[in-house]
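FYI, the numbering for the sequence shown is -16 to 306, going by our numbering. We put the beta carbon where it would ideally sit given N, CA and C, even for glycine.
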Amino acid sequence: MTMANITMVTYFILKGILDIPELQVLFFLLVLLTYLITLGGNTTILLLVWLDSHLHTPMYFFLCNLSVLNLCSTTVTLHKVFVMFVTGDNVVYYTDCMAQVFLFSWFSSNEFLLLTAMSYDRYVAICRSLHYSNLMKSRVCAALAIFCWSFGLLQTLPVMAILWQVSCYTSNIIKHVFCDTVLLMNLSCSDTSTLELLILIEGALLSTFTPFLLTFISYYFIITTIMRIKSSTGRSKAFYTCSSHLAVVTLLYASIVCQYLIPSNTFKSKKLFSLLNTALVPMLNPFIYSLKNKDVKSAVQRKLKSFTIIIGREVIFGVVGRT
Ligand SMILES: *[C@@H]1O[C@H](CO)[C@@H](O)[C@H](O)[C@H]1NC(C)=O
């Protein structure tokens, strides 16, 4: 590609992360596997909560929100990998690229917000347990969820507005599998200092650090409350109710910290890692929530049991009907 500035970019070319063609198939298969597991895990959570009335609690409603979010964000980021592999078409039109940047930033900031809402739910459940049903009424939960989705949306708008106005690019080749704010900013040949500042304020401060602080404060109160419980069974029981959420939160923030710890001169591994983050976290969430969780496990057992009863009945009646 020429180094001349392109003032009218109508499309970008996604070059992928790996230059080694031998690894393309392996890369594709890995992404496909991750995507299928994400799809399976998150739809299972959605179905379980929808079908099992024991799981109709604020925590599981928020978990459903998280599953919907995980499904959307992985589809938005990874779908082009499949298109590129199957059809070889690695062109993304400018508007599609912008749409991808927009949805990806919205969903990422939403994830932090939803996990913060969930940590508030855990705070109320443990520190204000007597008033739990009063404080976490379904209307309050719905309002919290709506706030998360709309505040996440609101946060991404300024960055999008500025990115939209960038008209001059040094190249239209993106060495990644999806469009991303930082990648586009690096390609831009106009002054990006406002954008950088906005990304810092919006991306780091508002959508990552503030949720982290709020979650941290919730857990501070949760842990001090748990420590004050006299009986050890009571203590472990209380801790148990927030362990899944704590694990998911830790996974998310740890992956963010790791991403920043990788030095930026190893740009390729940084990109691989960011892809890993966007693909792995949504895949692991449903498993973390269900593996050590008695509620989810017994819901699975109940559903499997009723399912086998239905199948059994079908088989028996089918056999009886035929004879
Ligand atoms: C999201 O959470 C809210 C509040 O608990 C709930 O009313 C809503 O049904 C959830 N949405 C989905 C798609 O799970």
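| Check | Outcome |
| --- | --- |
| Among VAL14, SER215, SER214 and ALA187, nearest to ILE239 - alpha-carbon criterion | ALA187 |
| Alpha-carbon spacing of SER56 relative to TYR18, whole angstroms | 11 Å |
| Through-space distance from VAL64 to LEU15, alpha-carbon basis | 9 Å |
| Residues of its chain near LEU310, where Cβ-Cβ distance is below 7 Å and the 5 sequence neighbours each way are ignored | Given that the chain is displayed from residue -16 to residue 306, the structure contains no residue 310 and the question cannot be resolved. |
| Expected contact under 8 Å - CB spacing of LEU86 and VAL59 to nearest Å | 5 Å |
| Coarse secondary structure for LEU1, derived from DSSP in three states | coil |
| Residues bridged to VAL74 [DSSP beta-bridge criterion] | ILE(-4) |
| Where ILE209 falls: helix, strand or coil (DSSP) | helix |
| Residues near THR(-15) by beta carbon distance below 7 Å, same chain, minus five either side | Note that THR(-15) has pLDDT 48, beneath the 50 cutoff, so the model's placement of it is unreliable and the number below is only indicative. Around THR(-15): no qualifying Cβ. |
| Backbone CA spacing between LEU54 and LEU31 [nearest angstrom] | 16 Å |
| Near ligand 1: VAL51 beta-carbon under 7 Å from a heavy atom | yes |
| Beta strand (DSSP E) runs wholly inside the segment 112 to 152, at least 3 long, in chain order | none |
| Endpoints, alpha helix (DSSP H) assigned at ALA230 | 215 to 244 |
| At least three beta-carbon pairs within less than 8 Å, the segment 71 to 88 to the segment 161 to 176 | yes |
| Buried versus exposed, by CB contacts within 10 Å (16 or more), LEU146 | buried |
| Distance, PHE300 Cα to LEU234 Cα | 49 Å |
| Extent of the continuous alpha helix (DSSP H) run through ILE20 | 7 to 34 |
| Neighbourhood of ALA221 by C-beta, 7 Å cutoff - its chain only, sequence neighbours within 5 removed | ILE109, ILE209 and ILE212 |
| Buried versus exposed, by CB contacts within 10 Å (16 or more), THR21 | buried |
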